[in-house]
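Residue numbers (my numbering): 34 to 217.
Built from N, CA and C at the ideal position, the CB exists for glycine as well.
Take a look at the structure set out below.
This is the structure we're talking about:
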């Protein structure tokens, strides 16, 4: 059974209208839908253009503006540099897969926490556990990521060397053909 997509319409006055509740909502309400894992789509009321990503980016921008930001300037600069490059699609998939893995891991951890501590609200225990877990695992995770990045660099360098070699061979063969006397 597939979930029905909740439709939210954005009007020219920048107001958002939830067709499920027949009421105007705010970005904060849309954020709540995300946190509740509601499936929704935001469309322009006049053109039916999908605005979901734009609305989600607005929510992220608001979150980044207040409190403790999730993205450092260095990370944001890196994202911007990937736009338009051949690696843009690969980075998007990489981040998406890693986020999915992280969420799955967190979900399993929450399930185990409920099994150990019961079904009550133990969010403070989970926060303490996450802090302890990350403090304990940080060196191992850092080492693993360093090894992964080193391996990726070596693989990229190998691919680059191979492309350069193939290009040299191709042009060397072309030059040799050009240098042969034409009167054979």
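Limits of the unbroken alpha helix (DSSP H) element including residue 115 = 106-115
request  = Could you tell me if residue 34 is buried or exposed, where buried requires 16 or more neighbouring beta carbons within 10 angstroms of its beta carbon?
outcome  = With a pLDDT of 46 at residue 34, under the threshold of 50, the predicted position of this residue should be treated as unreliable, though the coordinate-derived value follows. Classification for residue 34: exposed.
query = If you check the beta carbons only, do residue 84 and residue 72 fall under 8 Å apart?
reply = no
key: Identified DSSP bridge partners for residue 57   = 50
message = For a test of the three-state rule: what should DSSP assign to residue 34, helix, strand or coil?
response = Bear in mind that a pLDDT of 46 at residue 34, under 50, signals an unreliable position, so the number given afterwards is only what the model happens to contain. DSSP places residue 34 in coil when its eight states are reduced to three.
message = Could you tell me the alpha carbon to alpha carbon distance between residue 60 and residue 141, rounded to whole angstroms?
response = 29 Å
task = Would you give the residue range spanned by the alpha helix (DSSP H) that residue 84 belongs to?
result = Here residue 84 belongs to no alpha helix (DSSP H), and DSSP marks it neither H nor E.
query = Using the beta-carbon count (16 or more within 10 Å), is residue 88 buried or exposed?
reply = buried
query = Looking only at its own chain, which residues have a Cβ that is under 6 Å from the Cβ of residue 51, when we skip the five neighbours before and after it?
reply = 41 and 58
query = In three-state DSSP terms, what is residue 70?
reply = coil
key: Extent of the continuous beta strand (DSSP E) run through residue 40   = 39-43
ask   = With distances taken from CA atoms, which of 43, 96, 47 and 46 is nearest residue 65?
value = 96
request  = State buried or exposed for residue 101, treating a residue as buried only when at least 16 other CB atoms are found within 10 Å of its CB.
outcome  = exposed
request  = Note down, in chain order, each residue of its chain lying with its Cβ closer than 6 Å to the Cβ of residue 112, except the 5 sequence neighbours on either side.
outcome  = none
Buried/exposed call for residue 68, threshold 16 Cβ in 10 Å = exposed
ask   = Who does residue 75 pair with in a DSSP beta bridge?
value = 41
key: Inter-residue spacing [alpha-carbon to alpha-carbon] between residue 122 and residue 128   = 10 Å
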